[in-house]
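Notes follow the structure.
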Amino acid sequence: MKSKLEKLLIKSQVPNHVAIIMDGNGRWASKRGLSRIRGHQEGMESVKSVVKSARELGIKAITLYAFSVQNWMRPKAEVKALMKLLKDYLIKEGDKLSEKGIRLNAIGRLDDLPEDVCVVLDDIMEETLHNRDMVLTLALSYGGREEIVDAARSIISRGDITAESINELDISNYLYTKDLPELDLLIRTSGEMRISNFLLWQIAYSEIYVTSTLWPDFRKRHLIKALLHYQNTERRFGLTSDQIRKREVL
Ligand code: FPP
């Protein structure tokens with residue numbers, strides 16, 4: 172049964188592509204006198220709940236910032252625990268993704284991941300390749316600046332694009348996200364107003380929603396609140412309100 176909050180959602184105005192900076196696992200744990208790793212384990216429950224909810228709500232693409240390039244510098248034990256959590260998630264949830272019509276995708280410098288994680292990741296990406304209901308993208312060993320550097324390297328190594336001819340589309344086509352829809356909404360949990368090197372190019376016209384809820388507490392109702400905020404915001408893409416209204420009636 173739909174909650175009161177969910178009934179307020181306008182189905183046709185649900186964003187196509189939502190990305191989430193899942194912050195606050197450490198704070199959630201330290202508030203309870205638990206280890207940071209316990210915080211990440213709880214964060215995994217939120218991942219499962221949000222992926223399921225996103226599909227139910229009609230979101231077509233969800234991108235989760237699971238591990239940044241900079242996160243490799245965290246204490247060794249925390250990095251190891253995060254890699255294990257990721258592998259366990261893939262092993263346990265892979266079949267469910269398949270059944271639910273969700274395609275698994277990954278972006279980032281994936282070659283940096285441990286071999287055993289890469290193997291499972293590749294298997295599930297292949298297994299779910301033809302699923303069409305939603306695409307779940309995990310950003311792993313991901314950095315926004317690194318993504319732009321990698322795109323520049325690929326473009327230059329192609330050798331046939333001149334400086335004068337290069338345009339926005341060329342750059343977009345070399346980003347890790349080339350096959351994903353435009354990013355409509357970026358959510359950040361835990362209250363900080365930062366982008367933390369996430370999807371720097373892609374957020375150009377995205378709405379940004381920051382909630383003080385810590386990631387391990389984030390559930391369907393919090394996602395719906397973010398979507399309602401999005402639906403009540405006028406996206407102008409650099410135009411005036413008047414122009415946007417006229418475009419709507421044309
Ligand atoms: C930020 O919280 C969170 C991370 C660096 C990792 C996010 C990972 C998960 C939610 C679990 C793994 C998910 C997948 C899909 C494999 P923080 O540790 O920086 O929190 P803090 O700012 O409160 O310290």
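Numbering (the working numbering), first residue to last: 172 to 421.
Virtual Cβ for every residue (Gly too), placed ideally from N, Cα, C.
With a CB to CB cut of under 6 Å and the five nearest residues on each side skipped, what residues in its chain are close to residue i?
i: L421; result: Confidence at L421 is low in this model, with a pLDDT of 49, below 50, so the placement of that residue is unreliable and no value is reported for it.
i: E213; result: P387
i: R189; result: Checking the displayed sequence, the identity of residue 189 turns out to be Val instead of Arg. Only I230, I233 and L356 meet the Cβ criterion.
i: V222; result: L307
i: M296; result: L275
i: L268; result: L275 and T299
Buried or exposed for residue i, please, with buried defined as at least 16 other CB atoms from any protein chain shown within 10 angstroms of its CB.
i: R274; result: buried
i: G264; result: In the sequence on display, residue 264 carries Glu and not Gly. Classification of E264: buried, given that the 10 Å Cβ count is 16 or more.
i: G382; result: For the sequence presented, residue 382 should be read as Thr rather than Gly. It counts as buried.
i: Y380; result: buried
i: G204; result: exposed
i: M172; result: exposed
i: I337; result: exposed
i: I395; result: buried
i: G362; result: exposed
i: T411; result: exposed
DSSP state of residue i, grouped into three classes?
i: L421; result: Its pLDDT being 49, under 50, L421 is placed unreliably by the model, and nothing is read from it.
i: V189; result: strand
i: E378; result: strand
i: R245; result: coil
i: R316; result: helix
i: S239; result: strand
i: A397; result: helix
i: L410; result: coil
Throw me the rounded Cβ distance for the residue i and residue j pair, which I believe falls under 8 Å.
i: D304; j: R407; result: Actually they are not in contact, since the Cβ atoms of D304 and R407 sit about 31 Å apart, beyond 8 Å.
i: D207; j: E249; result: It is worth fixing the name first, because residue 207 is Arg in this sequence and not Asp. Confirmed, Cβ separation roughly 6 Å.
Residues in the same chain with beta-carbon distance under 7 Å from residue i, minus the five sequence neighbours each way, listed in chain order, please.
i: H211; result: N196, A252, L253 and L256
i: L354; result: H188, A190, L370, Q373, I374 and S377
i: R359; result: I192, D194 and V381
i: S343; result: K349
For chain C, find out if any of its Cβ atoms is closer than 7 Å to the Cβ of residue i; answer yes or no.
i: S412; result: Here chain C cannot be found, since the structure has a single protein chain.
Touch test, the stretch 308-318 against the stretch 367-381, Cβ-Cβ under 8 Å, three pairs minimum: yes
Three-pair Cβ contact test at 8 Å for the stretch 391-401 versus the stretch 178-193: yes
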